[in-house]
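Heads up: the sequence lines are chains A and B, in that order. In terms of the working numbering, the first sequence opens at residue 14 and continues consecutively. In terms of the working numbering, the second sequence opens at residue 14 and continues consecutively. No residue lacks a Cβ here, since even glycine has one placed at the ideal position from N, Cα and C. Down below is the structure, laid out as structure tokens.
Number of protein chains: 2
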Amino acid sequence: MNQKIIVTGGTGFIGQHTVVDLLERGHEVIVPTSRKGDHQIEGATYILCDLTDPSAMKDLVEEVRADTLVHIAWRAAISGLWGAPENTTWLQASLALGRAFLDAGGKRIALCGSCGEYDWTSGMCIEDVTPLRPNTIYGASKVSVMHGLTAMCEVAGASLVTGRPFFIYGPREHESRLTAYVIKSLLNGKDAECSHGMQLRDYSHVADVGRGMSALAVSDLTGEYNIGSGEAVRVKDVILEIAKEVGRPDLVKIGARAAPAFEPALIVADMSKTRASELDWEPRFTLESGVADTITWFRQYG
Amino acid sequence: MNQKIIVTGGTGFIGQHTVVDLLERGHEVIVPTSRKGDHQIEGATYILCDLTDPSAMKDLVEEVRADTLVHIAWRAAISGLWGAPENTTWLQASLALGRAFLDAGGKRIALCGSCGEYDWTSGMCIEDVTPLRPNTIYGASKVSVMHGLTAMCEVAGASLVTGRPFFIYGPREHESRLTAYVIKSLLNGKDAECSHGMQLRDYSHVADVGRGMSALAVSDLTGEYNIGSGEAVRVKDVILEIAKEVGRPDLVKIGARAAPAFEPALIVADMSKTRASELDWEPRFTLESGVADTITWFRQYG
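Structure follows, in structure tokens:
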């Protein structure tokens, strides 16, 4: 069924892929954005507004009267994302937006959560099993939004589904983040200084994550679903894959910088629940093809 | 050290005991309330205001400039508390209040949480162990506030401590709740229609819970602490204790009504963490003395 869908963050790193996928699936897509002009996709409607202004968002949802809200927008200092003060602004803005959307008659919310909601001491992150015990400001803010929207949707008789991305790389990644930093350094012939790289992480190409959010939004699923690869990959192996693809392994300096003080050994998505579900989604990229795609983008636009 | 402490809900069921205890401990207590005139305690300062109005609360915290905020206020339909829509209003109001208090330089928040934050399928509720997986609107709203204030306090360099009460009875209990209903019925010579009563619950006298919140507020503790008895008591045994005390066991009709559809068999506080802590608190009432005290109050004022 053709739906009218609001996608917040639809001009961003993840959300633009969500917009493309929803348009391909035949839905009407509205993107509220404070950055009109950036990354517009043909067929979507962009509306200039400030997502952290509750009254502006109230006006918007009342005017648009969408069926579904896909909430991805979350703007915090990328380099210090886990601890950025702006996280709490987005926490309150997200709840205000959800409330306004439901008050305007909205019937479904797809929320972009985070692996940071889980207790990382568990390593393996399993929906409905691993405790939600975040130890970052980002994770606490995301899990607060999830519980808050759960309550609001229950009150409104609406449904909520939460997608939980893990570690994301891809075109337009901020250069302060690991894979973009390594790619840009190597493409520019500069050393890429890395930590020991023995941390195990679950990596996904951003297009797969964006498509995961759209698939969840148009599904009938409720509850939480991991959007990852299900594979634990050494950070070092991602770096070496980039080096191989760019052809500059000589520039990679493993162990040249200390790992952050708090750095769990393992963070990986258990993908059993998502795979066993009716979700019309599977990753299109392997680590190899995803890294190659990302390098191609950075060669052209980075 | 003498502190200036705001107590929201300070005219309510739990909070009035918190106010009394804080005054006895020598602190300055300010109570924002929309019900000025009700239940005022000598020595506390009452300020008329609407706690769900963010700008009013912002003005209040900026004027008062308290050291500590004890946040107990939460006004939802008592009879349908677990599912009341107002829970989400108090969720947003609580986050707005916390933000305003921290922005005004506040350094410590003591939050009144709930046993409803825990996954009740676990039965035994252990802080930092039992997953926080609420299955009520009330529980989801409370846990959302806890995570949200955790993030905000971390940003502000302030400390947060959360007290989690379990099942509460005592003077001024709303008559739609079990113990007050049974006491009033029996005192009025009417039948008290109860469910099978085999559910195991952790009961506390409201004064002990209120004093638990004040003890937490003035302690140096952070994180979450159960405020219960640590004892699982059959609901039926509480009812029979009331019947014995009133002297009308003939009016108690066990099994006369169906138990609610969702009714976990066991909800009990593990009190190990609270007892092992430095908290200057222990319950003053046993079930017997607490029930007797409550009946005395209802005879006089109920």
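Can a CB atom of chain A be found closer than 8 angstroms to the CB of residue i?
i	result
residue 161(B)	yes
residue 100(B)	yes
residue 144(B)	yes
residue 107(B)	no
residue 123(B)	no
residue 74(B)	no
residue 112(B)	yes
residue 150(B)	yes
residue 104(B)	yes
Exposed or buried, residue i, counting other C-beta atoms within 10 Å across all chains shown (16 or more means buried)?
i	result
residue 314(A)	exposed
residue 100(A)	buried
residue 311(B)	buried
residue 170(B)	exposed
residue 180(A)	buried
residue 302(A)	exposed
residue 48(B)	exposed
residue 45(B)	buried
residue 155(A)	buried
residue 271(A)	exposed
residue 217(B)	buried
residue 147(A)	buried
residue 202(B)	exposed
residue 275(B)	exposed
residue 261(B)	buried
residue 319(B)	Absent from the structure is residue 319(B), since the part of chain B shown begins at 14 and ends at 315.
Would you say residue i faces chain B, with C-beta separation under 8 angstroms as the test?
i	result
residue 273(A)	no
residue 140(A)	no
residue 167(A)	yes
residue 153(A)	yes
residue 157(A)	yes
residue 164(A)	yes
Report all residues from its chain with a CB closer than 6 angstroms to the CB of residue i; omit the five preceding and five following residues, and keep chain order.
i	result
residue 151(A)	94, 95, 100, 129
residue 287(A)	238, 239
residue 268(A)	209
residue 157(A)	104
residue 139(B)	283
residue 86(B)	21, 22, 64
Residue i by DSSP, collapsed to three states: which one?
i	result
residue 182(A)	strand
residue 60(A)	strand
residue 238(B)	strand
residue 266(A)	strand
residue 37(B)	helix
residue 280(A)	strand
residue 11(A)	With chain A running from 14 to 315 in the structure shown, residue 11(A) is simply not present.
residue 45(B)	strand
residue 229(B)	helix
residue 82(B)	strand
residue 159(B)	helix
residue 70(B)	helix
residue 10(B)	Since the first residue of chain B shown is 14 and the last is 315, residue 10(B) is not available in this structure.
residue 14(B)	coil
Within this structure, are the beta carbons of residue i and residue j separated by less than 8 angstroms?
i	j	result
residue 81(A)	residue 18(A)	yes
residue 183(B)	residue 220(B)	yes
residue 145(A)	residue 162(A)	no
residue 56(B)	residue 36(B)	yes
residue 110(A)	residue 61(A)	no
residue 252(B)	residue 265(B)	yes
residue 176(B)	residue 118(B)	no
residue 168(A)	residue 214(A)	no
residue 137(A)	residue 248(A)	no
residue 304(B)	residue 254(B)	yes
residue 178(B)	residue 242(B)	no
residue 68(B)	residue 84(B)	no
Skipping 5 residues on each side, what residues in its chain have a beta carbon closer than 7 angstroms to that of residue i?
i	result
residue 235(B)	172, 173, 174
residue 194(B)	188, 205
residue 294(B)	224, 225, 228
residue 59(B)	44, 46, 49, 53
residue 33(A)	54
residue 142(A)	none
Give me, in chain order, the residues of the same chain whose beta-carbon lies closer than 8 angstroms to that of residue i; leave out the 5 immediate sequence neighbours on both sides.
i	result
residue 112(A)	165
residue 259(B)	196, 199, 200, 308
residue 39(B)	15
Can you find a C-beta in chain E that's less than 8 angstroms from the C-beta of residue i?
i	result
residue 264(A)	Although the question refers to chain E, the structure presented lacks it and instead comprises the protein chains A and B.
Under 7 angstroms: does the beta carbon of residue i sit that close to some heavy atom of the ligand COA?
i	result
residue 66(B)	Absent from the structure shown: the ligand COA. Ligands present: none.
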